[in-house]
Structures are given as C-alpha cells and as structure tokens.
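Undergrad:
Residue numbers (our numbering): 366 to 723.
Printed below as a string of structure tokens:
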C-alpha cells in the first residue's frame, strides 16, 4: 500500500482538524497513513489505531532570536519526520502547513500536495508573499481547494493543477430531516471570534425576539470573543434567551429541530458547520462572506438566504420570515439537504483516492 503523510498543526477541535480525522479514518484501509503535527492537546479529534501519529513538539529555546530559530528547528523536525516515514505522497493540510512542508521537504522524493482550507487572500495576501507561495505550489503535483473562489485566487498556470474537493460531512448529519413542528430556536456553531461575527447575530436576534418573545438563540463554540459576546447580550437585555454553552458533544442532536441555522462570518474557506446544517435539512441564513463559499452553496431564496456582511436588518428580516412561515422553512430546508448530502464521507474519500492514484 502507498504511504500517505498528512502534516497539520494539531488535531485540536477545529474544522480542518475534523476533516482530516474523517479522511484519515476513511482512507486508512487503502493506505498507510501518518499524521504529523506540531502540537498535541488534551481535547483532540481521535484518529484510528491504524493511523500513525507523530508529534514535533515545542521548541524549547527562548530569547531575542527564538522566533527565527524556532522556524529553522521546525523545518528540520519536519524533514526528519519525512525521511523517517518516506511517504509516497505528502499533504500539507492548510496553507501555512503546506508552505512549511514544501520548504522542509523540497529536496526529498515523493509527491507533494498543498491542501488549502482557508481563504487564501487572508493567508497569502496579493503581494510578494503570494508570488513566493505560488512558486512553491508550482512544485506540487496538486493543489486542493474547497471551492472555486479559492481556485480562482491562483494564476492560470497553477489553476491547471488545482482541484476542488469539498469537505466531508459526518454520518450523524446525514439523517432524515426533522418533520415535526419546529420550536422557535435559532442556532449557530463555530469558534467565538471576530471573524465569525456573532455580534451581528445577537443584534439581529434582538429584533427577532421583540417580535417573537418565545424565540431563543444558542451559539455553540468557544473562543476569545466570549466575554465580548456576553457583555453585548447583557447590554441588550437578552441574558435569558441567548445561550453560549461552549463546546458540546452531540451537535446534530442539539440543532436537529432548530427553526434556523445562521452563519455570520466575515470570511470563510468553506464552513463545515454550514454544510452540516444544510445536510440536516435546516433552513439556513448566511452572510455572503468573503471567500465565496456561502454563495457557492446557497441559492438565495431557493435553499437558504444570503445577506450582506454586517447587515443586521436583512438578517433579522430573513429570520422572522423563517419563524412566521413554516411552509417556506420546510421548503428551504428540504432543498438545503440536497446540497449538503452531496458531501458524504464516502464520496469525498473517493475523490481523494482518485487524486492519490492518478
């Protein structure tokens, strides 16, 4: 069997890490899989016992030149791991990791693949660094993006070796749609940070709650913006109807009967949580965020709603439409499920297999 090595910063509870946990499990029967990481955490996505885990660890040095020495030290550790594994194919998972892998293993044998998991404009910009990265990526066999907008970021010569493979969706999200009367429950799932823009959602929910006093909003996730969101909730007098439960298990069961799922991001590569909500058959409302992923998934008014970033009024109006019109809610949710279920784990694993065997 071919040997595949994935390099990612960690297996912590992020979207890219969850995707990699799915791929490692789904491909482990066909390949010898190694996952190389920089860090290990207590809360991580599990890997199958058949998958080898290697961890670089933290650079122990300190001082003025530590950041520079740390980069050289990490490069050496990646190269040592690469030579130990001797992979037939090595995948740098996320843009910065792809760059690190390509630099560290530039003289090593084996096929190299760069897997982009975020908006490349945010990772690489449009200046000199972009040109350097594109030069590195030209040395790969393939660049894997999550959507067509990411692919279009690269120059035409590089687009020829760039393929689009969407994120896989776990089986728990691919179940029959809830068909009962839906409570007035609005949900969101994602890291609590400024890019996820939950402030916009809370402000829109204030308007919704004024019209629908029984409505509740639950935002699942954790992050550095928690205190800011809690302060805003208190300022708006929404403490009893806006919940921030943190990271929880069994997300499909938590959101299964929700009346609406909301994504308010400023920028997204592709939102796993949005795809999963669509697969569950939830009526979704998303910002038309930078990166283009939401606009590629949602046909406005047909399988969900798109609103401009930071347009609180537009978001509140769409949410009130979903709460007041169960038939529209049902129709949008059914159409959303058709899109989401095109990204089942087996289908996405086969697309990666074709790439590895091509």
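Using N, Cα and C, we set each Cβ at its ideal position, and we do this for glycine too.
May I ask which residues mark the beginning and end of the beta strand (DSSP E) holding residue 399?
TA: The residue you call residue 399 lines up with position 34 of the chain shown. Taken as a continuous stretch (DSSP letters only), the beta strand (DSSP E) holding residue 399 covers 397–402.
Undergrad: Classify residue 583 as helix, strand or coil using the three-state DSSP reduction.
TA: Residue numbering aside, residue 583 sits at position 218 when the chain shown is read from its first letter. The answer is strand: DSSP assigns residue 583 an E or B state.
Undergrad: Please report the distance separating the alpha-carbon of residue 501 from that of residue 647.
TA: Locating residue 501 in the chain shown gives position 136, where the first residue counts as 1. Locating residue 647 in the chain shown gives position 282, where the first residue counts as 1. Each residue's Cα considered, the two are about 41 angstroms apart.
Undergrad: Assess contact between the region 406–416 and the region 377–395, defined as three or more Cβ pairs (one per stretch) separated by less than 8 angstroms. Is contact present?
TA: In short, these stretches touch, since the Cβ pair count reaches three.
Undergrad: Which residue comes first and which comes last in the beta strand (DSSP E) that contains residue 630?
TA: If you number the chain shown from 1, residue 630 lands on position 265. Counting along the chain, residue 630 falls outside any beta strand (DSSP E), and DSSP gives it neither H nor E.
Undergrad: Output needed for residue 456: all residues of its chain with C-beta closer than 6 angstroms, excluding positions within five of it in sequence on either side, in chain order.
TA: Taking the first residue of the chain shown as 1, we reach residue 456 at position 91. Excluding residues within five positions, the ones whose Cβ falls inside 6 angstroms are 371, 478 and 480.
Undergrad: Based on Cα-Cα distance, which residue from 608, 452, 620 and 385 lies nearest to residue 533?
TA: As a first step, residue 533 is located in the chain shown; it is residue number 168 there, counting from the start. The shortest Cα separation from residue 533 among 608, 452, 620 and 385 belongs to 385.
Undergrad: Name the residue from 408, 403 and 375 whose alpha carbon lies nearest to the alpha carbon of residue 614.
TA: Translated into the one-based positions of the chain shown, residue 614 becomes position 249. For residue 614, the nearest C-alpha among the options comes from 408.
Undergrad: What three-state label does DSSP hand residue 419 in the structure shown?
TA: Indexing the chain shown from 1 puts residue 419 at position 54. Residue 419 falls in the strand class under three-state DSSP.
Undergrad: Would you mind sorting residue 474 into buried or exposed? The rule is 16 or more other CB atoms within 10 Å of its CB.
TA: Residue 474 sits at position 109 when you count from the first residue of the chain shown. The residue is exposed, with fewer than 16 neighbouring Cβ atoms inside 10 Å.
Undergrad: So the candidates are 707, 509, 379 and 683; which of them puts its Cα closest to the Cα of residue 697?
TA: Residue 697 sits at position 332 when you count from the first residue of the chain shown. Selected option, being the one with the closest Cα: 683.
Undergrad: Is residue 593 a contact residue of the ligand GTP, with contact defined as CB to any heavy atom under 8 angstroms?
TA: Although the ligand GTP was asked about, the structure shown includes no ligands whatsoever.
Undergrad: Going by alpha carbons, who is nearest to residue 563 out of 619, 627, 428 and 442?
TA: Walking along the chain shown from the start, residue 563 turns up at place 198. Among 619, 627, 428 and 442, the Cα nearest to that of residue 563 is on 627.
Undergrad: Any contact of the region 698–713 with the region 584–595, i.e. 3+ C-beta pairs under 8 angstroms?
TA: Segments in contact, no.
Undergrad: Consult DSSP for residue 538 and reduce its assignment to one of helix, strand or coil.
TA: Residue mapping note: residue 538 aligns to position 173 of the chain shown, counting from 1. In the structure shown, residue 538 sits in a helix (DSSP, three-state: H, G or I).
Undergrad: Under 9 angstroms, do residue 652 and residue 688 count as touching if we go by C-beta distance?
TA: The residue given as residue 652 occupies position 287 in the chain shown. The residue given as residue 688 occupies position 323 in the chain shown. No; because the gap between Cβ atoms is not below 9 angstroms, this pair is not in contact.
Undergrad: Output needed for residue 610: all residues of its chain with C-beta closer than 7 angstroms, excluding positions within five of it in sequence on either side, in chain order.
TA: Numbered from 1 along the chain shown, position 245 holds the residue referred to as residue 610. Correct list, in chain order: 583 and 585.
Undergrad: Kindly list the residues whose CB is nearer than 6 angstroms to the CB of residue 382, restricted to its own chain and excluding five residues on each side of it in sequence; keep chain order.
TA: Locating residue 382 in the chain shown gives position 17, counting from the first residue. So the qualifying residues of the chain are 376 and 410.
Undergrad: For residue 538 and residue 598, what's the separation of their Cα atoms in angstroms?
TA: The count along the chain shown starts at 1 and reaches residue 538 at position 173. The count along the chain shown starts at 1 and reaches residue 598 at position 233. Cα to Cα, the separation comes out at about 30 angstroms.
Undergrad: Pull up the distance between the alpha-carbon of residue 514 and that of residue 373, whole angstroms please.
TA: Position 149 of the chain shown, counted from the start, is the residue given in the question as residue 514. Position 8 of the chain shown, counted from the start, is the residue given in the question as residue 373. Taking the straight line joining both Cα atoms gives about 23 angstroms.
Undergrad: Taking the beta carbon of residue 581 as the centre, do at least 16 other beta carbons fall within 10 Å, making it buried, or is it exposed?
TA: Looking up residue 581 in the chain shown gives position 216. Burial call: buried.
Undergrad: Checking 9 angstroms against the spacing of the C-beta atoms, do residue 452 and residue 399 come in under that value?
TA: One-based indexing of the chain shown puts residue 452 at position 87. One-based indexing of the chain shown puts residue 399 at position 34. Yes, Cβ-Cβ distance for residue 452 and residue 399 is below 9 angstroms.
Undergrad: Specify the secondary structure class of residue 607 as computed by DSSP and reduced to three states.
TA: The residue labelled residue 607 in the question sits at position 242 within the chain shown. Note: residue 607 maps to strand in three-state DSSP.
Undergrad: Alpha carbon to alpha carbon, how far is residue 641 from residue 616? Give it in angstroms, no decimals.
TA: Sequence index remark: in the chain shown, residue 616 carries index 251 (1-based). Sequence index remark: in the chain shown, residue 641 carries index 276 (1-based). So the two alpha carbons sit approximately 10 angstroms from each other.
Undergrad: Assess contact between the region 658–671 and the region 551–558, defined as three or more Cβ pairs (one per stretch) separated by less than 8 angstroms. Is contact present?
TA: They do not touch, by the three-pair rule.
Undergrad: With DSSP as the reference, identify every bridge partner of residue 671, one or two as the case may be.
TA: The count along the chain shown starts at 1 and reaches residue 671 at position 306. Paired residue(s): 651.
Undergrad: DSSP on residue 554, reduced to helix/strand/coil?
TA: Residue numbering aside, residue 554 sits at position 189 when the chain shown is read from its first letter. Residue state, collapsed to three classes: strand.
Undergrad: Should residue 574 and residue 594 be called a contact, given that it needs their Cβ atoms to be closer than 9 angstroms?
TA: The sequence position of residue 574 within the chain shown is 209, counting from 1. The sequence position of residue 594 within the chain shown is 229, counting from 1. In this structure, residue 594 does not lie closer than 9 angstroms to residue 574 by Cβ.
Undergrad: Could you check how far apart the C-beta atoms of residue 435 and residue 424 are, in whole angstroms? I think they sit under 8 angstroms.
TA: Position 70 of the chain shown holds residue 435. Position 59 of the chain shown holds residue 424. Rounded, the Cβ-Cβ distance is 4 angstroms, consistent with contact.
Undergrad: Could you tell me if residue 426 is buried or exposed, where buried requires 16 or more neighbouring beta carbons within 10 angstroms of its beta carbon?
TA: Numbered from 1 along the chain shown, position 61 holds the residue referred to as residue 426. So residue 426 ends up on the exposed side.
Undergrad: Nearest to residue 691 by CA position, among 509, 470, 416 and 547, is which residue?
TA: Translated into the one-based positions of the chain shown, residue 691 becomes position 326. For the residues 509, 470, 416 and 547, the minimum Cα distance to residue 691 belongs to 547.
Undergrad: I need the boundaries of the alpha helix (DSSP H) containing residue 433, first residue and last residue.
TA: Residue mapping note: residue 433 aligns to position 68 of the chain shown, counting from 1. Unbroken alpha helix (DSSP H) run through residue 433: 431–450.
Undergrad: Between residue 660 and residue 450, what straight-line distance do the alpha-carbon atoms span, to the nearest angstrom?
TA: Mapped onto the chain shown, residue 660 falls at position 295. Mapped onto the chain shown, residue 450 falls at position 85. So the alpha carbons of these two residues sit roughly 40 angstroms apart.
Undergrad: Mapping the DSSP letters down to three states, classify residue 723 as helix, strand or coil.
TA: Numbered from 1 along the chain shown, position 358 holds the residue referred to as residue 723. Here residue 723 sits in coil by DSSP.
Undergrad: Roughly how many whole angstroms lie between the Cα atoms of residue 421 and residue 443?
TA: Here residue 421 corresponds to residue number 56 of the chain shown, with the count starting at 1. Here residue 443 corresponds to residue number 78 of the chain shown, with the count starting at 1. Straight-line Cα distance between these residues: approximately 8 angstroms.
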